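In the numbering used here, the protein residues as written are 377 to 720.
Have a look at the structure below, then the notes.
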Amino acid sequence: MTTYSVCTFKQQSTISGKWDSNLHPSDQKSTVLLRPPPPPRALPIPGSRSVSEAQWAGPRHVSPRGVSVASAPRLKLRARDVPQPARALPTFTRPFAPCPGPPVEMANSDRVVLALGGAGVVGSGVVKALLDRGFKVAVISRDSSRLEKLRAFVSPSTRDKLITLVGNVGSEEGAEEAKQALLKAAGKVTDVVSSLGFSWWQGGPPHTQPLKELVWVLETLLLSTFVSWKVFFPLVRDNPRCTYTFVTGGAGEKVLMPGTGFLTVGAASALAFCQVLREEYPDVPCKLNQLKINSGVAPPERMAPGYLNHLDLGEAVAALVERTNESHKIFSINGPDDLKTFLQ
């Protein structure tokens with residue numbers, strides 16, 4: 377129901393608030409029925425519920441304009457409309473997980489490198505360089521005499537960091553057994569360097585070779601690389617501080633000379649396998665890299681023009697393993713000059 381009140385004004389319109397010429401001059405007083413203006417709008421109170429105009433009732437000494445204090449409407453606020461104090465923010469029982477940052481680098485002394493093919497010409501240079509840089513190195517070979525030769529080759533001060541195991545990583549069963557023995561001896565594996573296979577083969581043109589020879593070449597250069605990767609890669613796959621490095625040859629890109637065709641077939645298969653891994657696992661946290669050698673590699677006593685000293689090549693591989701800020705890359709070494717640039 378709308379409430380009206382009677383107000384008395386003199387010579388002034390109660391509607392416009394201005395002097396009204398329509399009022400008779402003799403009228404000293406005019407009586408007009410007024411409808412009270414709307415009550416003041418309630419200001420929002422932070423943290424409380426807004427009060428509508430229809431529910432608003434001011435203090436006793438305040439009344440709507442044009443209405444006497446005595447006749448001002450007295451509306452009661454319902455309990456749910458009474459302003460409430462601001463609620464405290466909820467507290468969490470546990471802190472938020474920290475933002476992921478760059479992986480913390482491990483000290484070389486805390487890293488265990490599995491050198492697959494570490495008893496060969498290329499691998500022995502890699503093993504020596506890694507040991508000299510403070511890494512722990514594990515080598516698996518089927519020939520115990522080659523392991524003894526490797527132990528005599530490395531620096532005497534680093535032999536206590538060399539772990540040698542007799543095993544066959546060319547078969548799935550043998551590689552699995554070697555993995556269990558390695559974890560028992562070393563406790564963990566943080567890096568893998570794969571330089572399996574041989575660096576030279578010149579058996580003659582393909583029509584002179586039996587199938588058995590081709591199978592042996594593929595087993596040595598490709599199948600052993602695949603089997604060992606399948607068994608040992610899960611040990612380092614999910615850790616961004618770990619690395620898996622393939623050392624391959626450039627013989628897979630061209631036939632070096634007559635009679636070396638099967639070498640090209642095997643080396644090309646290894647190159648293709650590395651390419652497959654880079655493209656099939658683009659987001660794997662482990663640093664997956666390839667060092668491709670487009671030159672001959674030999675020990676100092678068997679060096680030839682354009683060849684790489686296996687000790688210098690070992691330094692390059694160790695430097696690549698040591699830094700863990702690059703992944704899914706191919707580093708090509710075409711000769712001694714490229715090797716010097718790589719080591720700078």
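Just so it is clear, CB atoms sit at the ideal spot from N, CA and C, and this is done for glycine as well.
Everything numeric in this text was worked out from a predicted model, so none of it was measured.
DSSP on residue 680, reduced to helix/strand/coil? coil
State the Cα-Cα distance for the pair residue 668 and residue 497, rounded to the nearest angstrom. 16 Å
Are the CB atoms of residue 493 and residue 571 within a distance shorter than 7 Å? yes
Coarse secondary structure for residue 574, derived from DSSP in three states: coil
Got a sec? Which residues, its chain only, sit under 6 Å from residue 644 by beta carbon, not counting five neighbours each side? 628
Buried or exposed for residue 719, going by 16 or more other Cβ atoms inside 10 Å? exposed
On the criterion of 16 or more Cβ atoms from any shown chain inside 10 Å, does residue 580 qualify as buried, or is it exposed? exposed
Given residue 544, which residues of its chain have a CB within under 6 Å of its CB, disregarding the five upstream and five downstream residues? 518, 550
Environment of residue 487 [buried if 16+ CB atoms lie within 10 Å]: buried
Under 8 Å: do the segment 674 to 687 and the segment 633 to 648 share three or more Cβ pairs, one atom per stretch? no
I want to know whether the segment 558 to 573 touches the segment 614 to 626 - three or more CB-CB distances under 8 Å. yes
Neighbour-count burial assignment, residue 448, 16 or more Cβ in a 10 Å radius: Interpretation of residue 448 is limited by its pLDDT of 48, a score under 50 that renders its predicted location unreliable; the figure taken from the coordinates is listed afterwards. The residue in question, residue 448, is buried, as its Cβ has 16 or more Cβ neighbours within 10 Å.
Hey, would you say the C-beta of residue 557 is under 6 Å away from at least one heavy atom of the ligand SAH? Among the components of this structure there are no ligands whatsoever, and the ligand SAH is therefore not found.
Coarse secondary structure for residue 672, derived from DSSP in three states: coil
How far does the beta strand (DSSP E) with residue 625 in it extend, from its first residue to its last? 619 to 625
Nearest by alpha-carbon distance to residue 676: which of 608, 602, 689 is it? 689
Please classify residue 691: is it buried, with 16 or more other beta-carbons within 10 angstroms of its beta-carbon, or exposed? buried
Just reading off the beta strand (DSSP E) that residue 517 is part of, what are its end residues? 512 to 517
At least one CB of chain C closer than 7 Å to the CB of residue 603: is that the case? Absent from the structure is chain C; it holds one protein chain and no more.
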